[in-house]
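The structure under discussion appears below in the form of structure tokens.
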Amino acid sequence: MDARALSTVGRLVPCCEPSVLIVQSHANCLETLPYALTAVLPEVAFDACESQDDWLSKLNTRQYHAVLSDVRSAEAEHYLLLRRAQELWCPVPVV
44 MDARALSTVG RLVPCCEPSV LIVQSHANCL ETLPYALTAV LPEVAFDACE SQDDWLSKLN
104 TRQYHAVLSD VRSAEAEHYL LLRRAQELWC PVPVV
């Protein structure tokens, strides 16, 4: 039996390091949130972005364990962020 095939069933497959994409439309939160979260979770790499083009590019070029999004960004363009996160080869949970 192929162990690799079993490792991808029903759970996230870790990439190089734990990573989270932060999608935030408020500049103040976008600036401070990654620093605050890094202080609490130093082993996690946080990327932050504001624009739709930016987060689409990041989701297409890097694997993330999760996406933290504000409600406005998640609902924009008919829930494009949520749909795109679920279309990835390994779906990413969006909080």
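Note that the numbering used here has the sequence shown beginning at 44, numbered continuously upward.
Glycine is no exception: its CB is placed at the ideal position from the N, C-alpha and C atoms.
For residue i, the first and last residue of its enclosing beta strand (DSSP E)
| i | result |
| --- | --- |
| residue 90 | 88-92 |
In DSSP terms, what residue i is bridged to
| i | result |
| --- | --- |
| residue 109 | 63 |
| residue 137 | 110 |
Closest Cα partner of residue i within the set the options
| i | options | result |
| --- | --- | --- |
| residue 95 | 85, 88, 113 and 76 | 113 |
| residue 68 | 89, 127, 98 and 81 | 98 |
| residue 110 | 135, 73 and 93 | 135 |
N-terminal and C-terminal residue of the alpha helix (DSSP H) that residue i is part of
| i | result |
| --- | --- |
| residue 77 | 70-83 |
Alpha-carbon spacing of residue i relative to residue j, whole angstroms
| i | j | result |
| --- | --- | --- |
| residue 125 | residue 108 | 14 Å |
| residue 137 | residue 65 | 10 Å |
| residue 75 | residue 63 | 15 Å |
| residue 48 | residue 103 | In this prediction, residue 48 has a pLDDT of 41, which is less than 50 and means its spatial position is unreliable; what the coordinates show is noted afterwards. The straight-line gap from Cα to Cα measures roughly 23 Å. |
| residue 87 | residue 128 | 19 Å |
| residue 133 | residue 61 | 14 Å |
| residue 84 | residue 115 | 25 Å |
| residue 46 | residue 73 | Because residue 46 sits at a pLDDT of 43, beneath the cut-off of 50, its placement in the model cannot be relied upon, and the following sentence gives the value as read from the coordinates. In a straight line, the C-alpha of residue 46 is about 40 Å away from that of residue 73. |
| residue 70 | residue 93 | 8 Å |
| residue 130 | residue 89 | 21 Å |
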